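Novice:
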Amino acid sequence: MFYSLLKPLLFSLDPEVAHNMIMDVVKLCPTLGALSGIKHDPALSVVVGKTRWSFPVGLAAGLDKNAEALPFFSAQGFGAIECGTITLIPQMGNPRPRMFRYPEERSLRNAMGFPNQGLLEIMPRLTSYAGTTPLGVNIGKNKDTTPEESIGELSLLFEALQDSASYFVINVSSPNTPGLRALQEISYLTELFTELNRNRGGKDLFLKIAPDLPKEKILELARLAHDFKLTGLIATNTTIMPERGAGGVSGVLLREKSQDICRTILNEQIDSELIAVGGITRPKDLFELWHEGGKAAQVYTAYVYQGPELLKKFNKAILNFIKIQNITLEEFFSLSLEERKYRLKDFI
Ligand SMILES: Cc1cc2nc3c(=O)[nH]c(=O)nc-3n(C[C@H](O)[C@H](O)[C@H](O)COP(=O)(O)O)c2cc1C
Numbered sequence: 001m002f003y004s005l006l007k008p009l010l011f012s013l014d015p016e017v018a019h020n021m022i023m024d025v026v027k028l029c030p031t032l033g034a035l036s037g038i039k040h041d042p043a044l045s046v047v048v049g050k051t052r053w054s055f056p057v058g059l060a061a062g063l064d065k066n067a068e069a070l071p072f073f074s075a076q077g078f079g080a081i082e083c084g085t086i087t088l089i090p091q092m093g094n095p096r097p098r099m100f101r102y103p104e105e106r107s108l109r110n111a112m113g114f115p116n117q118g119l120l121e122i123m124p125r126l127t128s129y130a131g132t133t134p135l136g137v138n139i140g141k142n143k144d145t146t147p148e149e150s151i152g153e154l155s156l157l158f159e160a161l162q163d164s165a166s167y168f169v170i171n172v173s174s175p176n177t178p179g180l181r182a183l184q185e186i187s188y189l190t191e192l193f194t195e196l197n198r199n200r201g202g203k204d205l206f207l208k209i210a211p212d213l214p215k216e217k218i219l220e221l222a223r224l225a226h227d228f229k230l231t232g233l234i235a236t237n238t239t240i241m242p243e244r245g246a247g248g249v250s251g252v253l254l255r256e257k258s259q260d261i262c263r264t265i266l267n268e269q270i271d272s273e274l275i276a277v278g279g280i281t282r283p284k285d286l287f288e289l290w291h292e293g294g295k296a297a298q299v300y301t302a303y304v305y306q307g308p309e310l311l312k313k314f315n316k317a318i319l320n321f322i323k324i325q326n327i328t329l330e331e332f333f334s335l336s337l338e339e340r341k342y343r344l345k346d347f348i
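Residues 1 to 348, numbered by our numbering, are exactly what the sequence shown covers, in order.
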């Protein structure tokens with residue numbers, strides 16, 4: 001309600017100005033989160049790796065880059081909150097304007113380039129976070145760091161934030177840091193995961209992948225992640241659409257591509273987790289993911305367009321599903337894929 005009144009004003013402003021304005025408000029007034037948020041039914045919790053999400057839909061990386069409004073997003077009712085991308089050294093990101101809206105298509109394009117306050121400034125917020133919503137920490141390399149140097153840089157971030165993170169995400173899939181996507185090469189990732197696994201202590205670790213990779217490459221990455229005992233993949237980051245301009249596109253324009261990638265990964269039935277992200281805007285999208293064998297999802301762009309109503313909509317639809325099926329989500333995810341498909345047939 002409040003968001004629908006505010007939205008015309010916000011959407012009359014430059015997208016990044018509007019974003020910063022909202023962040024300023026919610027970091028000062030975290031109680032607004034509970035006023036417009038959802039309360040979780042315990043029957044909706046799901047286990048992702050070693051982490052229990054209280055709800056199967058989490059907040060994707062990039063919205064709270066500096067972990068400034070964790071209590072607000074926790075009170076909104078996200079199942080997990082992923083902050084970042086955090087780099088070792090603070091950086092400004094690319095010149096503005098670098099965030100664009102496509103309202104008719106319920107999509108965004110961004111060319112942010114990881115603007116963030118860096119490890120030292122962000123770390124105290126993570127260590128003092130006392131909420132119950134699990135925290136994902138998404139880490140990336142600084143713009144001018146070479147691939148060789150980046151292994152040490154990511155290891156440092158990984159070690160420094162071990163105690164604060166429920167799970168880590170390695171972001172090598174943003175289109176906005178020159179050369180970053182080249183770090184999706186097997187030889188580089190082999191070296192990186194070997195290094196991270198030295199001090200991992202069983203911590204959940206995901207690799208976030210781009211949607212613009214060929215199928216064979218996606219499967220190669222999924223198998224590599226499995227071989228290095230990563231918790232799984234996050235699929236996907238934003239997609240390149242050069243005809244729209246620089247950067248990466250998210251929201252409805254990304255949906256089909258992202259769904260294709262998730263389907264490709266899930267079809268392989270590799271024994272690891274998948275967090276789906278990209279154009280998830282309706283409960284139907286989540287049910288379709290479950291139909292393919294997936295479980296947890298994240299949102300960013302749909303939350304910008306729909307605000308807190310988005311989570312309410314998902315909550316209502318999932319509660320309706322478990323009530324009709326007389327099952328908790330945990331029980332549902334323990335069923336065979338055939339049985340799950342059968343139970344979902346009237347929901348997609
Ligand atoms: C403005 C903006 C900034 C983003 N920044 C990051 C980031 O820093 N790190 C990251 O891994 N993904 C980032 N993303 C990608 C999202 O986490 C997500 O993967 C992508 O937007 C697809 O989901 P959606 O369609 O629900 O938005 C960003 C997305 C947007 C729109």
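Glycine included, C-beta positions come from ideal geometry on N, C-alpha and C. Please read all numbers here as calculations on a predicted model, not as lab measurements.
1) Quick one: what does DSSP say A297 is sitting in, helix, strand or coil?
2) On the premise that I86 lies in contact with I139, defined as a C-beta separation below 8 angstroms, what is that separation, rounded to the nearest angstrom?
3) L254: beta carbon under 7 angstroms from a heavy atom of ligand 1?
4) Identify, in the order they occur along the chain, each residue of the same chain with its Cβ nearer than 6 angstroms to the Cβ of F228, setting aside the five sequence neighbours on each side.
5) Can you list, in chain order, the residues of its chain whose CB lies under 8 angstroms from that of G118, leaving out five sequence neighbours each side?
6) Do you know whose CA, among Y300, E268, I348, lies nearest K284's CA?
7) Based on the DSSP secondary-structure assignment, which residues constitute the bridge partners of I209?
8) With H, G and I counted as helix, E and B as strand and the rest as coil, what does DSSP make of S150?
9) Answer yes or no: does any C-beta atom of chain B fall closer than 8 angstroms to that of E309?
10) Could you check if Y167 belongs to the surroundings of ligand 1, using beta carbon to heavy atom distance under 7 angstroms?
11) Just how far apart, CA to CA, sit L120 and R200?
12) Apply the 10 Å Cβ neighbour rule to R106 and answer buried if 16 or more other Cβ atoms are within range, or exposed otherwise.
13) Please state the DSSP three-state secondary structure of T281.
14) For a test of your reading of the model: does the CB of L108 fall under 7 angstroms from any non-hydrogen atom of ligand 1? Yes or no.
15) Per DSSP, what kind of secondary structure is L230 in: helix, strand or coil?
16) With contact counted as at least three CB pairs below 8 angstroms, one residue from each stretch, are the stretch 4-17 and the stretch 170-185 in contact?
17) Let me know the secondary structure DSSP gives Q325 once reduced to three states.
18) Quick check: does the Cβ of A296 come within less than 7 angstroms of any heavy atom belonging to ligand 1?
19) At the level of alpha carbons, what is the spacing between R223 and I270?
20) Which residues bound the beta strand (DSSP E) around V57?
21) Would you mind giving the Cβ-Cβ distance between G49 and T231, rounded to the nearest angstrom? I have them listed as a contact below 8 angstroms.
22) Contact defined as beta carbons within less than 8 angstroms: I believe I81 pairs with T133. What is the distance between those atoms, to the nearest angstrom?
23) Would you say the stretch 35-45 touches the stretch 155-163, given that touching needs at least three Cβ pairs under 8 angstroms?
24) Sorry if obvious, but does the Cβ on Y102 come closer than 7 angstroms to a heavy atom of ligand 1?
25) Report yes if the C-beta of K312 is less than 7 angstroms from at least one heavy atom of ligand 1; otherwise report no.
26) Apply the 10 Å Cβ neighbour rule to G245 and answer buried if 16 or more other Cβ atoms are within range, or exposed otherwise.
27) Say the cut is 7 angstroms; is the CB of K257 nearer than that to a heavy atom of ligand 1?
28) Is N66 near ligand 1, with its Cβ less than 7 angstroms from a heavy atom?
29) Let's see if you can read the secondary structure: which residues bound the alpha helix (DSSP H) around G33?
30) Going by DSSP, what residue range makes up the beta strand (DSSP E) through L135?
31) Could you pull the DSSP bridge partners for I270 from this structure?
32) With 16 as the cutoff for other CB atoms within 10 Å, does R96 come out buried or exposed?
33) K208: beta carbon under 7 angstroms from a heavy atom of ligand 1?
Specialist: Inspection of the coordinates gives the following:
1) strand
2) 5 angstroms
3) True, at least one ligand heavy atom lies under 7 angstroms from that Cβ.
4) F193
5) I86, T87, L88, I89, P90, Q91
6) Looking only at Y300, E268, I348, the smallest Cα-Cα distance to K284 is reached by I348.
7) A235
8) Three-state result, S150: helix.
9) Here there is only one protein chain, and chain B is not present.
10) no
11) Going by the C-alpha atoms only, they are around 21 angstroms apart.
12) Counting other Cβ atoms within 10 Å of its Cβ, R106 reaches 16 or more and is therefore classed as buried.
13) Under the three-state reduction of DSSP, T281 is assigned to coil, being neither helix nor strand.
14) yes
15) coil
16) no
17) helix
18) no
19) 7 angstroms
20) 57-59
21) Sure, about 4 angstroms apart at Cβ, within 8 angstroms.
22) 6 angstroms
23) no
24) no
25) no
26) exposed
27) no
28) For ligand 1, no non-hydrogen atom lies closer than 7 angstroms to the CB of N66.
29) Residue range 31-35 is occupied by the alpha helix (DSSP H) that includes G33.
30) 135-139
31) Paired residues: none, contrary to the question.
32) With fewer than 16 other Cβ atoms within 10 Å, it is exposed.
33) yes
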